[in-house]
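Here the structure comes first, spelled out in structure tokens, and everything after it is commentary.
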Amino acid sequence: MIQNSGRIGPLIELLAGAQQFPGEYNSISFAGAFASKVREAWATGKPFGGGFNDQAGAFPLPAENPVETRDQTWQQWLLHAENAAKNRGFPARLVASLIGAMGEMQDNVYEHSGAAHTGLVAYAVTDCSFEFVVADRGMGVLETLRQNPDYAHLPDAGAALAEAIKTGVSRYPTSTGRGQGFVQLCRSMVTDRAELRFRSGDHALMLCPTHDPLNGDQRLSHTSALAGMTICAIWRAEAL
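With our numbering applied, the sequence shown covers 14 to 253.
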């Protein structure tokens with residue numbers, strides 16, 4: 014049984030793996046209510062975590078971008094996540110930045126994954142942290158970047174992840190000026206209190222807490238294969 018670690022990012026990665034490789038995960042069970050709720054949300058397309066007292070939730074993404082369709086359920090769910098963080102005493106400007114980053118990454122699922130209907134956005138708030146996860150089971154960062162001839166040579170997902178966080182890198186030609194999203198996210202979030210983890214294919218890239226987000230600690234690791242892209246960000250009330 015997988016016990017509750019207090020983090021939702023690793024849990025959602027495991028749940029995504031269980032969806033992709035049900036046979037290999039058949040004997041594994043997950044402790045806690047959050048895991049079962051995420052599984053149900055992913056299976057039914059129905060979100061949870063928008064209730065008055067909820068401190069965690071997940072929103073399975075529909076086929077059409079809920080921002081563009083002005084989906085009221087999405088807007089209310091996002092507002093609740095924001096209010097849950099504010100009610101824990103986090104500064105309003107910080108919370109707005111975190112929610113904005115979560116929305117930016119949600120938009121990237123529609124822009125790049127090729128399988129937006131597999132996407133999921135999740136959040137969790139505690140007295141000392143705010144964590145969000147944006148995951149999909151689409152084409153992944155390697156296949157996405159290889160659509161741009163400038164990056165067709167990339168050998169694996171690790172190299173693609175390392176490129177994806179650089180300014181101007183995108184599946185679109187450089188002349189279009191696209192490819193700013195990850196860079197802006199890193200600059201706004203990676204501080205001495207926050208870390209980011211990007212997982213795609215058989216690699217994961219972690220941007221660790223630092224005072225220098227442009228030249229800070231980056232850790233690339235080899236992992237078991239996982240389709241699509243999973244982005245996890247956590248901000249802690251105290252610096253590490």
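Every residue, glycine too, gets a C-beta built ideally from N, C-alpha and C. These figures come from a predicted structure and were not determined experimentally.
Subject >> Under 7 angstroms between C-beta atoms of Ala-175 and Leu-133 >> reply: no
Original post:
When the distance is taken between beta carbons, is Val-154 closer than 7 angstroms to Met-219?
Top reply: no
Original post:
Assuming Pro-75 contacts His-130 under a Cβ cut-off of 8 angstroms, what Cβ separation, rounded to an integer in Å, is found between them?
Top reply: 7 angstroms
Original post:
First and last residue of the beta strand (DSSP E) that includes Glu-208?
Top reply: 207-220
**OP:** Using the Cα positions of Ala-217 and Asn-121, report the straight-line distance between them to the nearest angstrom.
**Re:** 18 angstroms
**OP:** Using 10 angstroms around the beta-carbon of Arg-7, count the other beta-carbons present and answer buried if the total reaches 16, otherwise exposed.
**Re:** This structure cannot speak to residue 7, because the chain is shown only from 14 to 253.
**OP:** Reducing DSSP to helix, strand and coil, say where Asp-84 ends up.
**Re:** coil
**OP:** Determine the burial state of Gln-16: buried for a count of at least 16 other Cβ atoms within 10 Å of its Cβ, exposed for fewer.
**Re:** Since pLDDT at Gln-16 reaches only 49, below the 50 mark, its modelled position is unreliable, and the value read off the structure follows with that caveat. When all chains shown are included, Gln-16 counts as exposed.
Original post:
Rounded to a whole number of angstroms, what is the C-alpha to C-alpha distance between Phe-47 and Gly-63?
Top reply: 14 angstroms
Original post:
Do you know offhand how far Pro-162's Cα is from Glu-95's?
Top reply: 40 angstroms
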